[in-house]
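Residues in the sequence shown are numbered consecutively from 186, following the working numbering. For every residue, glycine included, the Cβ atom is placed at its ideal position computed from N, Cα and C. Written out below as structure tokens is the structure these notes cover.
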Amino acid sequence: MSRRISIKDVADKAKVSIATVSNVMNGKGRMSEETIKHVTAVIDELGYTPNMAARNLKTNKSQLFGVVVPTEKKEKLYENPFYWSFVNGLESGMRERNYQVILEGINEEAESFSFVKERQLDGLVIIGTHEGSSIIDKVLALNVPCVFVDSYLEDPSLYQVMIDDHNGGYMATKHLIDLGHRNIAIITGRPVKGHVIDNRLQGHMKALEEVGIVFHEEYVIERPINTYGGYSSAQHIMEKYPNVTAVIAFSDITAMGAMKGFIDHGWHIPQEISIVGFDGLFFANFLSPSLTTVHQDIELKGKIALDLLMKQMDGKDVISNKKVVLPVELNIGTSTSKNE
């Protein structure tokens with residue numbers, strides 16, 4: 186049985202110190218690009234992988250981060266590409282520091298966060314909670330670095346990353362208004378005050394108000410944020426509100442379900458119903474018709490969340506503005522057209 190390659194073997198082969206090899210693997214220290222490339226090549230040549238169990242004992246770190254999403258059905262997380270795009274953004278920086286990420290769905294009220302201690306997670310990213318949620322105090326009590334994403338929390342001491350949801354809702358609605366639509370339905374999740382959905386809805390209402398269009402509360406359809414929620418929303422609109430000529434779904438996944446719902450019932454998109462999504466997921470351009478959507482850079486959001494986590498872990502808790510708000514843009518596909 187061959188001997189396990191050690192970090193000393195790498196250092197000897199590369200003719201550098203063990204500390205230099207460690208710094209290259211962890212993305213620390215100041216080294217020339219040539220040194221980094223040389224050491225990396227030797228690591229690849231020898232097939233060296235660190236003994237993570239031994240390393241974790243020495244550093245008292247698990248090299249694991251958790252991405253936590255409040256949800257009633259954990260299995261639904263794996264059906265939504267949004268979360269995988271976000272995790273990809275995290276992982277692109279994690280690999281350089283030999284970290285791994287786990288995705289965990291939780292019940293907001295029942296969750297004790299015991300898994301954080303059991304797996305000795307070094308940090309947490311919480312997606313989609315809101316002011317007043319019991320999750321916040323539970324997370325802070327863990328005393329681990331954490332970043333809240335899409336959460337709209339009032340405490341300025343908390344690290345947060347979000348997008349300009351209000352403007353996203355506004356842009357989507359204005360686009361449809363400019364195309365002549367007046368009866369616009371909205372497919373949402375549960376609109377908690379101060380939440381992502383609430384901010385998008387406020388943007389929608391602002392666009393209507395600017396041109397004197399009456400906001401119809403009955404046009405706001407609350408459904409689970411998944412394809413089934415979108416499909417059932419389309420059925421509801423066709424049965425109850427046949428005068429609706431356009432739909433904004435606050436998720437591309439929901440928009441995709443709605444498109445299928447309308448098409449299955451013989452409605453033509455965009456001739457009879459225009460549809461706008463939200464997120465700009467990779468599949469939007471591959472749908473037929475291609476989906477008009479409010480695009481956000483999900484991977485960048487993940488990268489920024491990781492950067493804020495690492496700053497906390499490295500003791501650089503000196504950022505004056507801990508809330509990062511990213512812009513959105515409207516990507517116009519062929520799922521929207523003039524209302525004629």
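Checklist entry - Just the Cα atoms here: how many angstroms apart are residue 510 and residue 290? => result 24 Å
Checklist entry - Just reading off the alpha helix (DSSP H) that residue 276 is part of, what are its end residues? => result 266-279
Item to check | Secondary structure of residue 464, DSSP reduced to three states | outcome: strand
Checklist entry - What are the boundary residues of the beta strand (DSSP E) that includes residue 286? => result 285-291
Checklist entry - residue 255 bridges to which residues according to DSSP? => result 291
Checklist entry - How many angstroms separate the CA atom of residue 521 from the CA atom of residue 383? => result 24 Å
Checklist entry - Does the stretch 409-421 come close enough to the stretch 432-448 that 3 or more CB-CB pairs lie under 8 Å? => result yes
Item to check | Where residue 458 falls: helix, strand or coil (DSSP) | outcome: coil
Checklist entry - Nearest to residue 425 by CA position, among 309, 403, 358 and 456, is which residue? => result 403
Item to check | Same chain, Cβ closer than 7 Å to residue 421, neighbours up to 5 away in sequence not counted | outcome: 406
Item to check | Cβ separation of residue 195 and residue 233, assumed to be a contact under 8 Å, to the nearest whole Å | outcome: 5 Å
Checklist entry - Is residue 227 helix, strand or coil when you go by DSSP? => result helix
Item to check | 8 Å contact criterion, which residue 255 and residue 348 should meet: CB distance rounded | outcome: 18 Å between Cβ atoms; not a contact.
Next on the checklist: Does residue 194 come out as helix, strand or coil in the three-state DSSP assignment?
Outcome noted: helix
Checklist entry - Should residue 518 and residue 475 be called a contact, given that it needs their Cβ atoms to be closer than 7 Å? => result yes
Item to check | Best match in 310, 491, 461 and 308 for proximity to residue 514 [C-alpha to C-alpha] | outcome: 461
Checklist entry - Rounded to the nearest angstrom, how far is the Cβ of residue 336 from that of residue 507, given a contact under 8 Å? => result Contact doesn't hold; Cβ gap of about 12 Å is too wide.
Item to check | Through-space distance from residue 452 to residue 533, alpha-carbon basis | outcome: For the chain, the structure presents residues 186 to 525; residue 533 sits outside this window and is missing.
Item to check | Through-space distance from residue 330 to residue 181, alpha-carbon basis | outcome: This structure cannot settle anything about residue 181, because the visible part of the chain is limited to 186 through 525.
Next on the checklist: Relative to the C-alpha of residue 480, which candidate in 471, 465 and 264 has its C-alpha closest?
Outcome noted: 465
Checklist entry - Who does residue 470 pair with in a DSSP beta bridge? => result Beta-bridge pairing links residue 470 to no other residue.
Checklist entry - By Cβ distance below 8 Å, which residues in the same chain neighbour residue 364 in space, the five residues on each side in sequence not counted? => result 431, 459, 521, 522, 523 and 524
Checklist entry - Given that a residue counts as buried once 16 or more other Cβ atoms are within 10 Å of its Cβ, and exposed if not, what is residue 380? => result buried
Item to check | Simplified DSSP assignment, three categories, for residue 497 | outcome: helix
Item to check | Counterpart residues of residue 508 in DSSP-defined beta bridges | outcome: 345
Next on the checklist: Quick check on DSSP: helix, strand or coil for residue 368?
Outcome noted: coil
Next on the checklist: Among the candidates 490, 512 and 516, whose CA atom is the shortest distance from the CA of residue 279?
Outcome noted: 490
Checklist entry - Can you pull the DSSP bridge partners for residue 435? => result Per DSSP, none; premise fails for residue 435.
Checklist entry - Looking at the unbroken beta strand (DSSP E) that takes in residue 430, where does it start and where does it end? => result Segment: none, residue 430 is in no beta strand (DSSP E) and carries neither H nor E.
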